[in-house]
Each structure stands twice: as structure tokens, then as C-alpha cells.
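Residue numbers (the numbering used here), protein chains in the order written: chain H, 39 to 236; chain S, 39 to 236.
2 protein chains.
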Amino acid sequence: MRAEKQNTATRRRQIALAAMGIIARQGLKELNLSAVAREVGLVPSALYRHFKGKEEILQATLTLIRELILENLRIVTRESPSPLEQLRLLMRRHLTMIQEFQAIPRIVFSDEISVPEAGGKKAVYKIIRGLLGQVSLLVARGQQMGQVKPDLDPDTVSVIYLGFIQPPAILWYLSQGNFNIDRHMKKAWPVFEEAVKL
Amino acid sequence: MRAEKQNTATRRRQIALAAMGIIARQGLKELNLSAVAREVGLVPSALYRHFKGKEEILQATLTLIRELILENLRIVTRESPSPLEQLRLLMRRHLTMIQEFQAIPRIVFSDEISVPEAGGKKAVYKIIRGLLGQVSLLVARGQQMGQVKPDLDPDTVSVIYLGFIQPPAILWYLSQGNFNIDRHMKKAWPVFEEAVKL
DNA sequence: TATTATAGTGAATAGTGATTCACAATTCAC
DNA sequence: GTGAATTGTGAATCACTATTCACTATAATA
């Protein structure tokens, strides 16, 4: 039977989400257009009505990820006025996001998106740089407010901060959910605070 | 012309190394048996004399990586008697290793090796767990020697330690060598020491 | 309502790449 | 040196998958 007609905007979103789901569940290698189309309830050739090709679909998932990250940033700055607290909240949000979208680490570290021209590896780098930049700003603000040691370099701290998020996420995903992120963070976060708090 | 006959042991090593080289230079997607065979100076079908198939070649690269990591551990315990110093040396070794074998992050995060049965994801997890276990031991030893804060949980510290290594490595590789690891580490390492040193 | 742009379909194409196999050369054991 | 085991070769196969295209149904618009 024939799929109900939908406008390109919603289809694009559906397709990108379907791709992320498949990557999360089966991995990038198993990501083929048939599977994506099936998940959306379309026929492979229909995807070409909405995307130029597979490559562009991958790009779309990247865009989705960037939006999720930016969304997280916006939310935490609204939830608390304290930079340090914002960082803690952001950490929590990131970890739940990665647990929900297991596709993220796979996409970030894949080389399938590494087309030199349009971006690929560079695009991923830009996203992470953007996140690091925002964290830097939070750290600097923390210094202005007397919460954070003034002798620390905000950029360095931002990378260290990333280091408190990444390994737990990766261990969790490699262990297929066995690594206990919450328990780890309960012990690890105080170490971070201790290291940066004035 | 015909390639000189070599025994399987050396061929296996050559093939695994060739695979790693290609992954480092072109990525996992570009890793096909023709390319591997060409690099070794063989014909694709010849690879089947030494490996059961592509999957097994990937596994072999994993084994190679594990050996490199264990080698690093052995060396640093020989180079210094101080656990904290050993950790610093190990960090340096790891970063240079990753710079030399860019294939490592790609292999570790790929899903091509994720065969539920023989290991795959589990195999990678085991390697990292092994590394973390060793680091834990170093931390515990540091506590016994009065170098490290006794209230810290060694396992937690080992994950934090990993967090000081991973992000720089990843940023370096995503930025195609632009991110300055040494400069970052010069600032970041004191933060780690400060956090764990008694 | 008639026309047109938009979205969906199924079949065909075409390239790629892993794997198999019968055969040839080389090395090893005896 | 002779036969067996090992390693290398090239052609053939086989599956998979991205992409194209002519055609059809549906929604939008005038």
C-alpha cells in the first residue's frame, strides 16, 4: 500500500531520526537506505525526494545532534544562574542525551561522514569546538563571579570538562549499559568541583 | 609477477599492519581487501590463506592494539618507581601512540567489529577495562605510598585519568593535527595532579 | 473543478567488494 | 630428489546497495 503523502520538512526529520535509530541499534555498517526507508514506511527511492543521497542523510543526523546540544545549553542557562551549577546540569543532560541517542558516539567517530569538501570530520570538529567554546564562557563567568579559581585557563578547563563526560559515556555504550554512569558521576563530579572551585 | 612466499605468521602481522595503516589514512569505510592486499603486495584472494575473512583481519588489528597498550604499561613501570610519575609517563606514551596509529580511535569506536558472538564491542570493552584496571592498581599503590589522597576511589580515578587522555586525542584527530596536545597537557596535567596528589 | 507541483512506487541499472575455487609455484619433510 | 603441505594467482560468483527513471497518486492552488 502507498504511504501517506507528507511534506518534505517532516519527512526529512523522520528520515534523519530513523537513521539515528538504526545507527544506535545496529551500527553504521548496517545503515542502508532500505532499512531507513522501511523504518519511515517508505520505499528506498522515495528518500531521494527529500535528500540528495545517503551522504546528505548522514549530514542531517549531524545537524540534529548539533541542535540537541545547543538545546541543552539553552536549557541549563535558564535553569540556574550559577555557572558551576550550570556545568553540573549540562553534564547530566549530556549523559542522558547520549544514553538516549547511542548513535551520537558512533556518528562522531565514524569516518563515513569524512568528506573533505562539505565538512564531515570538520563538521564534527566544529560542533565539539562550539560546545567547548560555550563551556569556556561558563568557566570564565564562574571566574568573574568568584566561583572558579582565577589562575585556570578556561579553554583548558573546558577540555577537562569534556573528559569527565566522554569516558563514562563511552564505557556505558561499550558495556551495553552495564557501566553505572550515575554511581561513577556521584564520585567523579566532586573531584572536578574540587579541582576548579575557588 | 608473483609475490615471494612467506609464512603465515609474518603475513598475518603484515596484513594487520596494512589494515591499520589504511584505516589511519583513509578510514574504515575505505578498508577493502583489495587495498589491504595491494599494500602487502598480494592479491585479494591470497588473504584467505592467512585469515578466515575480513572480520578476522579487524580482530587482528584489535589484538595489535592491545599489545601496544600492554607494552606501554610494561615500559613505564620500568622507567620510574613513583606511581604518579608512571601515570604521567603513561599518558605521554598513550598520546604519542594514538598520534602514530590514528587508526586506534576509529577502530575502537567502529561498529564493524561489533559481532555479538566472538567479541567485537565486548573485545574493545575488555581492552579498555584492562587498561583501567592497571591504572587503578597504580593509583592504589600511590595511596599506599602516601602520594595520592586516600579518600579517592581508585576505579573512579582511573576513569578520570582516561578523561584526561581521550578528549585531547580525539580533538587532535578531528582537527587533523591542529589541536596542540602538548600545550594542552602542560596546563591540564597539573590540574590532575593537584586533584589527586596528597 | 482543472491544473500543476509534490510525494510515492517499482523496476532496472550498475558498481563494489567479499568470498570461492581450480590451478600453479614454492617450500618442507623425509 | 620426491611427494605433500603451504602459499600465491586469476577468474568467476554472489550478494548487496545506492541511484535513476518513467509512471502514478495525492495535495495545493488558481
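Glycine residues also receive a C-beta, built at the ideal position from the N, C-alpha and C atoms.
Put simply, the backbone Cα of L176(S) is about 46 angstroms away from that of I95(H). Under a criterion of Cβ atoms nearer than 8 angstroms, the residues of chain S adjacent to S213(H) are, in order, Y163. DSSP places H222(S) inside the alpha helix (DSSP H), whose first and last residues are 219-234. Under a criterion of Cβ atoms nearer than 7 angstroms, the residues of chain S adjacent to D191(H) are, in order, K225.
Of the residues assessed, P205(S) falls on the buried side of the cut-off, its CB having 16 or more other CB atoms within 10 angstroms. Here DSSP, grouped into helix, strand and coil, assigns V186(H) to strand. Per DSSP, reduced to three states, the secondary structure at Q64(S) is helical. Interface flag for D220(S) against chain H is unset, since no Cβ pair is found closer than 8 angstroms. With the rule of 3 Cβ pairs closer than 8 angstroms, the stretch 178-196 of chain H does not count as touching the stretch 107-115 of chain H. Between T99(H) and chain S, the shortest Cβ-Cβ separation is not below 8 angstroms. With its beta carbon less than 8 angstroms from one in chain S, K67(H) belongs to the interface. Residues of chain H with a Cβ closer than 7 angstroms to the Cβ of R144(S) are, in chain order, F147, D149.
Listed by position along chain S, the residues whose Cβ is nearer than 8 angstroms to that of G168(H) form an empty set, because the closest Cβ is around 13 angstroms away.
For Q204(S), the closest Cβ of chain H is nearer than 8 angstroms. Its Cα nearest to that of I61(H), the residue E77(H) stands out among R50(H), E77(H), R49(H), P188(H). Contact annotation for G201(H) against chain S: G201, F202, Q204, P205 [CB-CB distance below 7 angstroms, chain order]. The way I'd put it, the stretch 205-223 of chain S does touch the stretch 187-207 of chain H; three or more beta-carbon pairs between them come closer than 8 angstroms.
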